[in-house]
Structures are given as C-alpha cells and as structure tokens.
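K.L.:
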Amino acid sequence: DAGGGGGANKRSSTMILVKNLPYEATVEDLTKTFHAAVGGDGPSRVLLPPSRTVALVEYAHPNDARRAMKRLAYRRYKTVPLYLEW
Numbered sequence: 001d002a003g004g005g006g007g008a009n010k011r012s013s014t015m016i017l018v019k020n021l022p023y024e025a026t027v028e029d030l031t032k033t034f035h036a037a038v039g040g041d042g043p044s045r046v047l048l049p050p051s052r053t054v055a056l057v058e059y060a061h062p063n064d065a066r067r068a069m070k071r072l073a074y075r076r077y078k079t080v081p082l083y084l085e086w
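Quick note on our numbering: the sequence shown kicks off at 1 and runs consecutively.
1) How many Å lie between serine 44 and valine 57 at the Cα?
2) Tell me the start and end of each unbroken beta strand (DSSP E) in the region 10 to 62 that is at least 3 residues and wholly inside, in chain order.
3) Look at the Cβ atom of valine 38, then the Cβ atom of alanine 73, and state whether they are nearer than 8 Å.
4) Straight-line CA distance for threonine 26 to tyrosine 83?
5) Since leucine 84 is in the beta strand (DSSP E), which residue starts that stretch and which ends it?
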C-alpha cells in the first residue's frame, strides 16, 4: 500500500459513511432519519461538511450502527438512494 504498512485499515464499528446525499440534506434531518432507524438514543453525532454530498454518522454502540446499516442502506432519502459504508 502507499503508506508502506502493508495491512488493511481497521474500520470503525460505530461510524457509518453516508454517500450520495442531496444538497438539501441537513444535520437535523439526517439525525432524525438515523434516529428513527434504531430508536433509543439515536446517533451520538452527525457530521456534514459544507459540500453536503457525504456525512459521517456515529453511534455509541456497534449494534445500533449495524441496525441502521441494515435498515437504511439503499433506502430513498429525499429523492436519492442512500449509499452507506460501515
């Protein structure tokens, strides 16, 4: 690999990368969507850069992230499907 380490990068078990977002996406709306997917406390934080094309959604527990991934992957958000990586 380019870093010279030779190993695969370990991914977070609580963070979901959300891609293919419309420009109208907001932190508040994403928080509601990802909260509804798992119930309970919902995500511990949602990060949305100014480009608004991707977001990071973090949960306190890996089981919540797994549940959100299963329930929201390829589901329609506003007018587009959500592409999620976990």
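In this text, a Cβ means the ideal position worked out from N, Cα and C, and glycines have one as well.
P.N.:
To lay it out plainly:
1) 8 Å
2) 15 to 19, 45 to 47, 54 to 58
3) no
4) 16 Å
5) 83 to 85
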